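Asker: Supplied in structure tokens, the structure appears directly below.
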Ligand SMILES: [Zn+2]
Ligand SMILES: [Zn+2]
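So this is what it looks like as structure tokens:
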């Protein structure tokens, strides 16, 4: 798995869905969650999964 692919599995600290479930093509503050009825408006990486 490449670092970029792994990045898509980082969970969102707001809704717990993965980064790949969010609108990653949008700007940083507009990466809304695309899962069904999820109300998350911005992807916020969970620090536990964001080791850099
Ligand atoms: Zn979500
Ligand atoms: Zn989210």
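Numbering (this note's numbering), first residue to last: 42 to 93. Heads up, the beta-carbon is just placed ideally off N, CA and C, and yes, glycines get one too. Owing to the predicted nature of the structure, the values given are computational and were not obtained by experimental measurement.
Can you find a heavy atom of ligand 2 that lies under 7 Å from the Cβ of residue 84?
Answerer: Yes, since a heavy atom of ligand 2 falls inside the 7 Å radius drawn around the Cβ of residue 84.
Asker: Which word fits residue 84, buried or exposed, when buried means at least 16 other C-beta atoms lie within 10 angstroms of its C-beta?
Answerer: When all chains shown are included, residue 84 counts as buried.
Asker: In chain order, what are the residues with a CB under 5 Å from some non-hydrogen atom of ligand 1?
Answerer: That query returns the following residues: 56, 58, 74, 76, 79, 81.
Asker: Does residue 72 come out as helix, strand or coil in the three-state DSSP assignment?
Answerer: Three-state DSSP puts residue 72 in coil, outside helix and strand.
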